[in-house]
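See structure below.
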Amino acid sequence: MAIKRVVAIGVASILVFISIGVNSLSYIFTRDFNSIFEDLTAANAGYEEVLIEQGTGRDRIAVLSLNGVIQDTGAGSLFGAVGYNHQMFMSQLYDVLEDPSVKGVVLSVDTPGGGVLESSDIYDTIRAIQIEKEIPIYVSMGGMAASGGYYVSAPAEKIFVHPETITGSIGVIMESINYAKLADKVGIDFNTIKTGPYKDMMSSSREMTKEERNMLQEMINDSYDRFVDIIAEGRHMTTAQVKKVADGRVMNGRQAIEAGLADDFGKIGDVIDAIKVDHELENATVFEYSPMDSFSSLFGVKVGSFFGRDVESELIAKILTDHNAPRMMYLYGER
Numbered sequence: 001m002a003i004k005r006v007v008a009i010g011v012a013s014i015l016v017f018i019s020i021g022v023n024s025l026s027y028i029f030t031r032d033f034n035s036i037f038e039d040l041t042a043a044n045a046g047y048e049e050v051l052i053e054q055g056t057g058r059d060r061i062a063v064l065s066l067n068g069v070i071q072d073t074g075a076g077s078l079f080g081a082v083g084y085n086h087q088m089f090m091s092q093l094y095d096v097l098e099d100p101s102v103k104g105v106v107l108s109v110d111t112p113g114g115g116v117l118e119s120s121d122i123y124d125t126i127r128a129i130q131i132e133k134e135i136p137i138y139v140s141m142g143g144m145a146a147s148g149g150y151y152v153s154a155p156a157e158k159i160f161v162h163p164e165t166i167t168g169s170i171g172v173i174m175e176s177i178n179y180a181k182l183a184d185k186v187g188i189d190f191n192t193i194k195t196g197p198y199k200d201m202m203s204s205s206r207e208m209t210k211e212e213r214n215m216l217q218e219m220i221n222d223s224y225d226r227f228v229d230i231i232a233e234g235r236h237m238t239t240a241q242v243k244k245v246a247d248g249r250v251m252n253g254r255q256a257i258e259a260g261l262a263d264d265f266g267k268i269g270d271v272i273d274a275i276k277v278d279h280e281l282e283n284a285t286v287f288e289y290s291p292m293d294s295f296s297s298l299f300g301v302k303v304g305s306f307f308g309r310d311v312e313s314e315l316i317a318k319i320l321t322d323h324n325a326p327r328m329m330y331l332y333g334e335r
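Residue 115 in the numbering used here sits at position 115 of the sequence shown, and the numbers go up by one each step.
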C-alpha cells in the first residue's frame, strides 16, 4: 500500500477519535445550555429565518426547501457534506404549524424520494398545517421530485413544475443483494442461528423463498395503496386515474401536467407570486428557513477536499454512513 494511502487512512482514524471527542463535549455542553435556555433553542436549533422579501403587512409566507434523499440518518457527521436533515426539516414544519403569522407555505422540492416512514412524517405534518391552520401550501418542483418527492407534494393546493422536471416514479421498492452463489464459488460458509424460519428474510446469504416473497409483496402493496390514495385525495382524481400512471414511470413537467399530477409551469419566484395573488397575500413578508453555518459542516468540507475522491476516503465514508438493512422506499434512481 502506498505511503499516501497509509497516511490518509491514519489521518482518517485520528479524525474519527476527534469527532467522538467533539461530539461528546458538544453533548455535555448542550445539555447544560438546554437546561438554562431550553425555550430559546429547542424550536429552531440549526437553522434561522432569512428574509426574501419585506412586506407591508403582518402576514408572512414561509419558503421551505426539501433537497436530497428523504432519510433520517441523524445529524451530519464530521466527514459528511451538508445534506438533507430530516429532524431539522420536521422542526421547520412544526414552526410553521405553531406560528400564527404564517399564512402560506411554498415548498421547494428537489429529491428522488426516500424512506416510506420519513415521507409519511412529512405528509402527515403538511396535512396538519392545512387542516389546523387552514392555510395554502404550494409546491415548486425543481430538477427532480420523484417517488417520495411526489408523495409529500400531493396534498398541496397547487403544484408547479419546470418543463425539465423529473417527477412521477409512483410506487414502492425494496431491494437487497444476494451473493450466495458467489460465496459458494469462493468457499465462504454462513453460520446463521435464528429463532424462526423467516428471521433472515432478504438475507444476502441465501435465496428468498416464494412464501417470503409473497409476505414482502403484501407489505409493498399496502404502502403502494396508501400512496395511490394520497394522490387521489390531493389531486382530486379517482384511484383508477392515478393507477394509469402509478406504475413506476417517470415523466417530465409537461407530461405531469397532462396526467393531472401538476397544475402549471413556474419557478420558485412564480410560485411565490401565485400564492400571493390567489390568497390575497400581496402585502405578506416572504422568508425562508436556512441552515446555520456550523463547525462540523465546515470541517466536513475540508476533510472532503483533503481526501478528494480516492478509494480510501470513499470506503471510509461508506463505513461511517451506510445503512444496509433492506427497507421499503419511495425512491427513484440508484440505490
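Note that the Cβ used here is the ideal one computed from N, Cα and C, for glycine as well. Just so it is clear, the structure is predicted and the values come from calculations on it, not from any experiment.
Proximal residues to residue i (C-beta, below 8 Å), its chain only, five neighbours per side dropped
| i | result |
| --- | --- |
| Ser101 | Arg58, Asp59 and Arg60 |
| Ser204 | Ser176, Ile177, Asn178, Tyr179 and Ala180 |
| Val152 | Leu66, Ile70, Leu107, Val109, Ser119, Ile122, Tyr123 and Ile126 |
| Asn283 | Gly55, Thr56, Gly57 and Asp59 |
| Asp200 | Thr192, Lys194 and Arg206 |
Rounded straight-line distance, which links the Cα of residue j to that of residue i
| i | j | result |
| --- | --- | --- |
| Asp278 | Glu258 | 22 Å |
| Ala232 | Thr239 | 6 Å |
| Gly148 | Pro291 | 22 Å |
| Gly46 | Leu66 | 15 Å |
| Gly115 | Met144 | 16 Å |
| Glu49 | Val63 | 10 Å |
| Gly266 | Asp273 | 10 Å |
| Glu98 | Ile188 | 56 Å |
| Asp72 | His236 | 30 Å |
| Glu134 | Lys103 | 8 Å |
| Ile28 | Met90 | Note that Ile28 has pLDDT 43, beneath the 50 cutoff, so the model's placement of it is unreliable and the number below is only indicative. Ile28 and Met90: Cα-Cα distance of roughly 24 Å. |
| Asp222 | Met328 | 11 Å |
| Gln92 | Met251 | 30 Å |
| Asp247 | Val109 | 21 Å |
| Leu281 | Thr56 | 10 Å |
| Gly300 | Tyr289 | Unreliable positioning characterises Gly300 in this predicted model, as indicated by a pLDDT of 46, which lies under 50. A coordinate reading is not provided. |
| Asp225 | Leu117 | 15 Å |
| Lys194 | Val186 | 25 Å |
| Phe190 | Gly74 | 32 Å |
Within-8 Å CB hit, residue i to chain D
| i | result |
| --- | --- |
| Thr285 | The structure shown contains no chain D; it holds only a single protein chain. |
Presumed contact (8 Å Cβ cut-off) between residue i and residue j, rounded CB distance
| i | j | result |
| --- | --- | --- |
| Ala146 | Ser119 | Between Ser119 and Ala146 the Cβ distance is about 12 Å, and since that is not below 8 Å, they are no contact. |
| Val139 | Ile159 | 5 Å |
| Pro112 | Gly333 | 4 Å |
| Pro326 | Met215 | Between Met215 and Pro326 the Cβ distance is about 13 Å, and since that is not below 8 Å, they are no contact. |
| Ile275 | Pro136 | 6 Å |
| Tyr198 | Glu218 | Actually they do not touch by this definition, with Cβ atoms about 13 Å apart. |
| Tyr330 | Val96 | Tyr330 to Val96, Cβ: 23 Å. No contact. |
| Glu53 | Thr285 | 7 Å |
Limits of the beta strand (DSSP E) - the one that residue i falls within
| i | result |
| --- | --- |
| Thr56 | First-last for Thr56: undefined, no H or E at that position. |
| Glu288 | Thr285 to Pro291 |
| Tyr198 | It is not in any beta strand (DSSP E) - Tyr198 carries neither H nor E in the DSSP assignment. |
| Ile137 | Ile137 to Ala146 |
| Asp110 | Val102 to Thr111 |
| Lys243 | Not the beta strand (DSSP E): Lys243 falls in the alpha helix (DSSP H), residues Thr239 to Lys243. |
| Ile177 | It is not in any beta strand (DSSP E) - Ile177 carries neither H nor E in the DSSP assignment. |
Any non-hydrogen atom of the ligand GDP within 7 Å of residue i CB
| i | result |
| --- | --- |
| Lys244 | Looking for the ligand GDP in the displayed structure turns up nothing, as the structure carries no ligands at all. |
6 Å Cβ shell around residue i - same chain, five flanking residues per side excluded
| i | result |
| --- | --- |
| Pro155 | Ile126, Arg127 and Gly234 |
| Leu51 | Phe287 |
| Asp263 | Lys158 and Ile159 |
| Val271 | Val106, Tyr138, Ser140 and Phe160 |
| Pro249 | The amino acid at residue 249 is misidentified as Pro; the sequence shows Arg. If we look at Arg249 and ignore the five residues flanking it on each side, its Cβ neighbours are Gly168. |
| Val245 | Ala259 |
| Met202 | Ser176 and Pro326 |
| Ala256 | Val161, Thr167 and Ala262 |
| Arg206 | Ala180 |
| Tyr150 | Thr167 |
Bounding residues of the alpha helix (DSSP H) (the contiguous stretch that carries residue i)
| i | result |
| --- | --- |
| Phe227 | Lys210 to Arg235 |
| Ile122 | Val116 to Ala128 |
| Tyr330 | Note, Tyr330: premise wrong, no alpha helix (DSSP H); beta strand (DSSP E) at Met329 to Leu331. |
| Gly253 | Gly253 to Glu258 |
| Val277 | Ile268 to Asp278 |
| Phe366 | In the structure as shown, the chain begins at 1 and stops at 335. Residue 366 is therefore absent and cannot be evaluated. |
| Val69 | Segment: none, Val69 is in no alpha helix (DSSP H) and carries neither H nor E. |
| Val172 | That residue, Val172, is in no alpha helix (DSSP H); it is neither H nor E in DSSP. |
| Ser91 | His86 to Glu98 |
Contacts around residue i, its chain only, beta-carbon distance under 7 Å, and the 5 residues preceding and following it disregarded
| i | result |
| --- | --- |
| Leu242 | It should be noted that the sequence gives Val, not Leu, for residue 242. The answer, listed in chain order, is Val228, Ile231 and Ala232. |
| Ile220 | Val172, Met174 and Met328 |
| Gly68 | Gly83, Tyr84 and Thr111 |
| Ser26 | With a pLDDT of 46 at Ser26, under the threshold of 50, the modelled position of this residue cannot be trusted, and the question is left open. |
Review point. Counting Cβ pairs, one atom from each stretch, are 3 or more of them under 8 Å apart for the stretch 84 to 92 and the stretch 129 to 141?
Key: Below 8 Å, too few C-beta pairs join the stretch 84 to 92 and the stretch 129 to 141 to call them touching: fewer than three.
Check your understanding: Does the count of Cβ pairs from the stretch 182 to 189 and the stretch 159 to 167 closer than 8 Å reach three?
Key -> Short answer: they don't touch.
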